[in-house]
Amino acid sequence: MPDLFYNFIPLIFGVLSLIILILYLKEYNLRKRSQNLSDQLLEQTQQKGYQILHQAVKQAQDILSTAELEGIKIVAGSKISAGKLDQQYEKKITQSIQTSQDALSQETQSARQTLQAQEAEFSKFLDDLKKRASQMDSQTQQTAQQRINQLFEQFEGRLSNFLVKTESQTTQSIELELKSARQLIDTYKNQQLALIDENIIAMMEQTLSIVLAKKLSLKDQLDLVYEALEKAKVEKFIT
Amino acid sequence: MNDQIFKIILTNTYTLAQLKKRVRVLKDYLISQLFNESRPSLNEKDLAYLRSLEPSFYQQFNKDNLYPIFADLEKRISQFIPLYLYLPFETDDQVTSQIGLFIQKTYGKLILFDVKYDPALIAGCSISWQGIYRDYSLRKKIEDRKQEILSILKGFLK
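Those protein sequences? They're chains B and H, same order as listed.
Start counting the first sequence at 202; every next residue gets the next number (this note's numbering).
Start counting the second sequence at 1466; every next residue gets the next number (this note's numbering).
Here is the structure:
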């Protein structure tokens, strides 16, 4: 059964292709025919359009000429009524202008008065401001002067104190240095004098030793020894 | 008996060195005499001292008591504390005798002394007794009056 079906498939396709081809050709003929018809219709419509347009132009020219005539009539009529209107309008405008001028004049007057009052007030304010500024300036100057004077006085005082202190310290330092130098000189002088004294005594002792060794007799020497022994007895040195 | 012997030896003896020498010379002499040993070489001074002693003095010694007596004498000598006398001049026996006699006369008792030479003393003497030193010399007097002397000298210089 399926084999039979498979055998008919190309046949089916062939029939379908033929039908499609026939349909296509039929459609093509239809379209071609409708196109020709539409071209004819278009041409007819164009002709009709041209005719309508021609008629329209003709009617428009008629209307225009009619309108021109009507316009000339209206303009002539309106010129008469316009003169009246102009007079009224001018009158109204003049009145309005006068009213406006009056109002404006009043407003200007009022504004001027207000402005003058404000100017006077502002002038007064400026005067006050100037006065205050002047007062503040003088006060500031005075305060600054006082402050400067005070600073100068303080600086002068401090400088004076510093100078006195420095002078005192310098004097003390110099005095100490001088004292130290004097002490050093005195010490050195005393040492040297003591050394000289020692040398003098040593020289004297040496001289006496040499001289007395020659000049003192044995008896004299013994007498001095006896004297020493007696002195030791008096002092109870030898018991 | 030893006291008597020691007293005789100390007669006319003034210095510790002199005492020691005399005891040694006497001992050597007595040993040579009692034990027939060779006589020690003695100088004139030693011989004079030996001759100055009485014969009875020598009779107190014999072979038995010689060494004990001298041992005792040496012990007594070692217990002596001498007086040191510093002198600026050199001395001999005569000078030391004179000084010894003066000390005995002044202090009324026997004080043995030792002499030491110190030329820096200039004149006078210094004494050391039982570890204490005192200067009685001219040097000490100059030291004591140094300022006075210097002021006099400076017065001269001005």
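Idealized CB from N, CA, C, for every residue including glycine.
Can you look up residue i in the DSSP assignment and give me helix, strand or coil?
| i | result |
| --- | --- |
| H:F1554 | coil |
| H:T1476 | coil |
| H:D1529 | coil |
| B:S418 | coil |
| H:L1577 | coil |
| B:R348 | helix |
| H:R1599 | strand |
| B:L425 | helix |
| H:S1593 | strand |
| B:L270 | helix |
| B:V385 | Going by the sequence as given, residue 385 of chain B is Leu instead of Val. Helix at B:L385. |
| H:L1507 | coil |
| H:L1548 | strand |
What separation, rounded to the nearest whole angstrom, lies between the Cα atoms of residue i and residue j?
| i | j | result |
| --- | --- | --- |
| B:S311 | B:Y290 | 30 angstroms |
| H:L1512 | H:L1615 | 54 angstroms |
| H:G1620 | H:L1550 | 37 angstroms |
| B:Y251 | B:K227 | 36 angstroms |
| H:S1562 | H:E1555 | 14 angstroms |
| H:A1536 | H:W1594 | 27 angstroms |
| B:A382 | H:R1610 | 32 angstroms |
| B:T246 | B:I273 | 39 angstroms |
| B:T344 | B:D338 | 10 angstroms |
| B:Y229 | B:Q236 | 10 angstroms |
| B:Q393 | B:L413 | 29 angstroms |
| B:L286 | B:K293 | 10 angstroms |
| B:Q422 | H:G1589 | 6 angstroms |
| B:L379 | B:Q373 | 10 angstroms |
| B:V435 | B:A429 | 10 angstroms |
| B:L243 | B:F209 | 50 angstroms |
| H:R1516 | H:I1568 | 26 angstroms |
| B:L231 | B:K249 | 26 angstroms |
| H:Y1494 | B:Y427 | 36 angstroms |
| B:L425 | B:N400 | 26 angstroms |
| B:T309 | B:Q342 | 46 angstroms |
| H:E1509 | H:Y1572 | 32 angstroms |
| B:I261 | B:S306 | Rather than Ile, the amino acid found at residue 261 of chain B in this sequence is Ala. Going by the C-alpha atoms only, they are around 57 angstroms apart. |
| B:K233 | B:L222 | 16 angstroms |
| B:Q319 | B:R313 | 9 angstroms |
| B:S282 | B:T295 | 20 angstroms |
| B:S361 | B:L377 | 24 angstroms |
Taking Cβ positions, are residue i and residue j nearer each other than 8 angstroms?
| i | j | result |
| --- | --- | --- |
| H:P1547 | H:D1583 | no |
| H:L1484 | H:I1542 | yes |
| H:L1531 | H:L1499 | yes |
| B:L451 | H:I1587 | Chain B is shown only over 202 to 440; residue 451 of chain B falls outside these bounds and no answer can be derived. |
| H:V1490 | H:Y1514 | yes |
| H:L1577 | H:L1481 | yes |
| H:R1604 | B:A433 | no |
| H:S1497 | H:S1503 | yes |
| H:I1607 | B:E406 | yes |
| H:I1473 | H:F1522 | yes |
Would you decide whether residue i is buried or exposed? Buried here means 16 or more other CB atoms lie within 10 Å of its CB.
| i | result |
| --- | --- |
| H:G1565 | buried |
| H:T1478 | buried |
| H:S1602 | buried |
| B:T388 | exposed |
| H:L1585 | It should be pointed out that residue 1585 of chain H corresponds to Ala in this sequence rather than to Leu. When all chains shown are included, H:A1585 counts as exposed. |
| B:I397 | exposed |
| B:I349 | exposed |
| H:S1591 | buried |
| B:R359 | exposed |
| B:F353 | exposed |
| B:I220 | exposed |
| H:I1698 | No information on residue 1698 of chain H is available, as it lies outside the stretch 1466 to 1623 that chain H covers here. |
| H:V1624 | Residue 1624 of chain H is absent from the model: chain H starts at 1466 and stops at 1623. |
| H:F1526 | buried |
| B:L417 | buried |
| B:Y225 | exposed |
Tell me which residues of the region 1470-1496 of chain H have at least one Cβ-Cβ distance to chain B shorter than 8 angstroms, keeping chain order.
Those residues of the region 1470-1496 of chain H that come within reach of chain B (Cβ to Cβ, closer than 8 angstroms) do not exist; the list is empty.
At a Cβ cut of 8 angstroms, what residues of the region 1593-1606 of chain H count as close to chain B, listed as they run along the chain?
So the list reads W1594, I1597, R1599, Y1601, S1602, L1603 and R1604, given in the order they occur along the chain.
Near-chain H residues of the region 416-427 of chain B - C-beta to any C-beta below 9 angstroms:
Listed by position along the chain: L417, L419, D421, Q422, L423, L425, V426 and Y427.
To be precise: take each residue of the region 388-418 of chain B, compare its Cβ to all Cβ atoms of chain H, and keep it if any distance is under 8 angstroms. Which residues remain?
Within the region 388-418 of chain B, the qualifying residues are D398, I401, I402, M405, E406, L409, S410, L413, A414 and L417.
Could you name the residues of the region 1517-1545 of chain H whose beta carbon sits closer than 9 angstroms to any beta carbon of chain B, in the order they occur along the chain?
Flagged: no residues at all.
Against chain H: residues of the region 427-439 of chain B by CB proximity under 9 angstroms
So the list reads Y427, E428, A429, L430, E431, K432, A433, K434, E436, F438 and I439, given in the order they occur along the chain.
Using a beta-carbon distance cut-off of less than 8 angstroms, what residues from the region 1553-1564 of chain H approach chain B?
Taking 8 angstroms as the Cβ-Cβ cut-off against chain B, the residues of the region 1553-1564 of chain H that qualify are P1553, F1554, V1560, Q1563 and I1564.
If you measure beta-carbon to beta-carbon, which residues of the region 1605-1623 of chain H are closer than 8 angstroms to chain B?
If the cut-off is 8 angstroms between Cβ atoms, the region 1605-1623 of chain H has I1607, E1608, K1611, I1614, L1615 and L1618 near chain B.
Name the residues in the region 1568-1583 of chain H whose C-beta lies less than 9 angstroms from a C-beta of chain B; which are they?
Within the region 1568-1583 of chain H, the qualifying residues are I1568, T1571, Y1572 and I1576.
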